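Enquirer:
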Amino acid sequence: MKYNRILLKLSGEALMGNKQYGIDSSRLEQYALEIKKVKELGLEVAIVIGGGNIFRGVQAESSGIDRVQGDYMGMLATVINAMALQSALEKQGLYTRLMSGIKMEQVCEPFIRRRAVRHLEKGRIVIFGAGIGNPYFTTDSTASLRAIEIEADVVLKGTRVDGVYSADPEKDPNATRYSTITFDEVYQKGLNVMDMTAFTLCQENNLPIVVFDMNKPGNLVKLVEGEEVGTLIA
Ligand code: UDP
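In my numbering, the protein residues as written are 406 to 639.
1) DSSP on residue 570, reduced to helix/strand/coil?
2) Which residue spans inside the segment 491 to 529 form an unbroken alpha helix (DSSP H) run of at least 4?
3) Starting from the C-beta of residue 487, find all residues in its chain whose C-beta is less than 7 Å away, skip the five residues before and the five after it, and write them out in chain order.
4) With respect to the beta strand (DSSP E) encompassing residue 410, which residues constitute its N-terminal and C-terminal limits?
5) Would you kindly report the start and end of the unbroken alpha helix (DSSP H) that includes residue 609?
6) Would a C-beta distance cut-off of 8 Å place residue 586 and residue 636 closer than the cut-off?
7) So if DSSP puts residue 562 in a beta bridge, which residue, or which two residues, is it bridged to?
8) Any chance the CB of residue 540 is under 7 Å from a heavy atom of the ligand UDP?
9) Give the secondary structure of residue 461 by DSSP, where H, G and I count as helix, E and B as strand, and everything else as coil.
10) Compute the minimum distance between the beta carbon of residue 618 and the heavy atoms of the ligand HEM, and state whether it is under 7 Å.
11) Pair every Cβ in the segment 574 to 581 with every Cβ in the segment 516 to 531, then say whether three or more of these pairs are closer than 8 Å.
12) Residue range of the beta strand (DSSP E) that residue 451 falls in?
13) In three-state DSSP terms, what is residue 598?
14) So who's on the other strand from residue 585, going by DSSP bridges?
15) Measure from the alpha carbon of residue 582 to the alpha carbon of each residue in 567, 467, 506, then state which is nearest.
16) Could you pull out every residue in the same chain whose Cβ sits closer than 6 Å to the Cβ of residue 596, ignoring the five residues on either side in sequence?
17) Tell me whether the beta-carbon of residue 547 lies closer than 8 Å to the beta-carbon of residue 456.
18) With 16 as the cutoff for other CB atoms within 10 Å, does residue 565 come out buried or exposed?
19) Who are the near neighbours of residue 571 in its chain, counting only those whose CB is closer than 6 Å to its CB and skipping five residues on each side?
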């Protein structure tokens, strides 16, 4: 196996599937099945999930809601997604724990690093909800930070695009996909991998990132088995 402990970042938007809003149950089930396959290989799996399918902080300003308030609303949205994912994983017979960056004792544990690591060692899938618990951050930054804290081997950013391209593949027919690229190159070329806070955290801590298409069945397993899937930033 190429990795032992992974941090999988899933965007909230991906959970929408073909819907305009909210959670697509078939997409959720598909993700749970993919994660189950990886778990069966013996990996330790931590997950950060976004909230963009429900609410984004920046969206708040246009609707007259204060930015900080909006960011907290976004964090709460990630908890809704995390709970849905937890439920889907449990339906597959997997053991999970949901840890939140904002205390909400009736629904989940608070994030405590040592505890998170212990859960992973015991084979539980740990989902990190509510981002890092602070406004003006994103779930990408959460993924980077938590990955560093739990000493994950890699951040796997599951998206609907199959990697990092030289230009936007939806707009430029000549765009080519990188199979590997360095942090410096991404920066110099101004490519969009993650927001800068998230990206810099990974770079400074030598934490590789893989951007890959999570919607393609089997991709996640191939990736952790060492096949070339998506783009590796290292
Ligand atoms: N958010 C935040 N702090 C965090 C994580 C998230 O304020 O540590 C808020 C922010 O407003 C963000 C929203 O939660 O827009 C949803 O997360 P994100 O946009 O990263 O979700 P994704 O795009 O991955 O679905």
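From the three backbone atoms N, C-alpha and C, an ideal C-beta is built for every residue, glycine too. All values derive from a computational prediction rather than experimental measurement.
Expert: In short, the structure shows the following:
1) Strand, per DSSP.
2) Annotation: the segment 491 to 529 contains the following complete segments of the alpha helix (DSSP H) (minimum length 4 residues), in chain order: 518 to 526.
3) Cβ neighbours of residue 487 beyond the five flanking positions: 454, 503, 532, 534.
4) In the DSSP assignment, residue 410 falls within the unbroken beta strand (DSSP E) covering 410 to 415.
5) Here the alpha helix (DSSP H) through residue 609 covers 601 to 609.
6) A distance below 8 Å separates the beta carbons of residue 586 and residue 636.
7) Per DSSP, the beta-bridge partners of residue 562 are 414, 616.
8) Correct: residue 540 has its Cβ closer than 7 Å to the ligand UDP.
9) For residue 461, the secondary structure class from DSSP, reduced to helix, strand or coil, is coil.
10) Judged by which ligands are present, the ligand HEM is missing from the structure shown, whose ligands are the ligand UDP.
11) As far as the Cβ criterion goes, the segment 574 to 581 does not touch the segment 516 to 531, which means the pair count is below three.
12) Counting along the chain, the beta strand (DSSP E) containing residue 451 begins and ends at 449 to 454.
13) Correct three-state label for residue 598: coil.
14) Under DSSP, residue 585 forms a beta bridge with 637.
15) That would be 567, whose Cα lies nearest to the Cα of residue 582.
16) Taking C-beta separations shorter than 6 Å and ignoring five residues to either side along the sequence, the partners of residue 596 in its chain run 569, following chain order.
17) No; because the gap between Cβ atoms is not below 8 Å, this pair is not in contact.
18) With fewer than 16 Cβ atoms within 10 Å of its Cβ, residue 565 is classed as exposed.
19) Closer than 6 Å at the Cβ level, and outside the excluded window around residue 571, lie 580, 581.
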